[in-house]
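The structure appears right after this line, and notes come after that.
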Amino acid sequence: MLIVLLVMLWGWFYWGWHQEQQAVATLQPVYQRNGSLAPALQEWLGAPGFVLDRVDALTLGDHADSRDLAALASFSRLETLDVSGTRMADLRPLARLTKLRNLNLARTSVTDLNPLAGLGNLEQLDCSQSPVTEFAPLSGLMSLRHLKLPKESVTEAQADALRRLLPNCRIDRK
Numbered sequence: 001m002l003i004v005l006l007v008m009l010w011g012w013f014y015w016g017w018h019q020e021q022q023a024v025a026t027l028q029p030v031y032q033r034n035g036s037l038a039p040a041l042q043e044w045l046g047a048p049g050f051v052l053d054r055v056d057a058l059t060l061g062d063h064a065d066s067r068d069l070a071a072l073a074s075f076s077r078l079e080t081l082d083v084s085g086t087r088m089a090d091l092r093p094l095a096r097l098t099k100l101r102n103l104n105l106a107r108t109s110v111t112d113l114n115p116l117a118g119l120g121n122l123e124q125l126d127c128s129q130s131p132v133t134e135f136a137p138l139s140g141l142m143s144l145r146h147l148k149l150p151k152e153s154v155t156e157a158q159a160d161a162l163r164r165l166l167p168n169c170r171i172d173r174k
């Protein structure tokens with residue numbers, strides 16, 4: 001009986017893992033073919049066996065833009081999002097990603113961090129080499145443990161003021 005249960009459990013785990021890997025593998029060629037994430041996600045979401053609530057980390061390619069973020073609102077378990085080097089500018093769709101813990105906005109066009117103010121689980125945020133200059137929306141994020149600021153647009157005095165607001169956060173200017 002125990003052997004049968006273990007075999008069934010292994011089969012269920014393997015089938016779920018296999019389906020997830022198959023869905024992940026299908027995104028790359030779809031994304032490259034369409035040139036934008038939004039249509040790629042629409043096609044990918046229709047893939048057999050794909051379950052949105054299993055995706056907890058996502059890295060977008062350098063061709064993604066702000067339109068593509070709207071498609072991410074359905075990823076309810078997303079904890080890590082890397083949009084570095086993309087044409088992202090509008091973060092409003094991210095306001096719904098309340099489980100987000102790690103966000104990489106390095107080398108993007110993002111200037112407004114207000115949509116992130118309600119992301120209470122956010123632990124790491126990379127804004128290096130981005131045109132962000134106003135970090136007040138982050139002052140209430142007590143879970144934030146590591147923040148990378150753009151060295152080009154943030155002075156050391158501004159970084160020190162932010163360190164006083166977020167005493168448990170390591171703040172670097174990069």
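In terms of this note's numbering, the sequence shown opens at residue 1 and continues consecutively. Glycine included, every Cβ here is placed at the ideal spot set by N, Cα and C.
Self-check item: Beta-carbon gap between THR133 and SER153 smaller than 8 Å
Solution: yes
Quiz item: Excluding sequence positions up to five away, which residues of its chain have a Cβ less than 7 Å from the Cβ of ASN121?
Solution: THR98, LYS99, LEU100, ARG101 and SER143
Quiz item: So LEU105 and LEU78 are in contact, right, with Cβ under 8 Å, and what is the actual spacing, rounded?
Solution: About 15 Å separates the two Cβ atoms, so there is no contact after all.
Quiz item: Do you know how far the Cα of SER76 is from the Cα of PHE135?
Solution: 26 Å
Self-check item: Reduced DSSP category for ASN114 - H, G, I as helix; E, B as strand; rest coil
Solution: helix
Practice problem: Identify the continuous beta strand (DSSP E) that holds ASP126 and give its terminal residues. | Solution: 124–126
Quiz item: Which first and last residues belong to the alpha helix (DSSP H) in which ALA57 is found?
Solution: Premise fails: ALA57 lies in the beta strand (DSSP E), 57–59, not in any alpha helix (DSSP H).
Self-check item: Cross-strand partners of ARG170 (DSSP beta bridge)
Solution: HIS146
Practice problem: Would you decide whether ASP126 is buried or exposed? Buried here means 16 or more other CB atoms lie within 10 Å of its CB. | Solution: buried
Exercise. Determine the direct distance from the alpha carbon of SER139 to that of ALA161, and round the result to whole angstroms.
Key: 10 Å
Self-check item: Own chain residues within Cβ distance below 7 Å of LEU165, not counting five before or after
Solution: SER139
Quiz item: Which same chain residues, not among the five before or five after ASP82, have their C-beta less than 6 Å away from its C-beta?
Solution: THR59 and ASN104
Exercise. Compute the Euclidean distance between the alpha carbons of ARG163 and ILE171, then round it to the nearest angstrom.
Key: 7 Å
Quiz prompt | Rounded separation between THR86 and PRO167 - CA only | solution = 30 Å
Self-check item: Given MET88 as reference, the closest of ALA157, ASP112 and ARG96 once Cα atoms are compared
Solution: ASP112
Quiz item: So, LEU141 versus ARG173, is the Cβ gap smaller than 8 Å?
Solution: no
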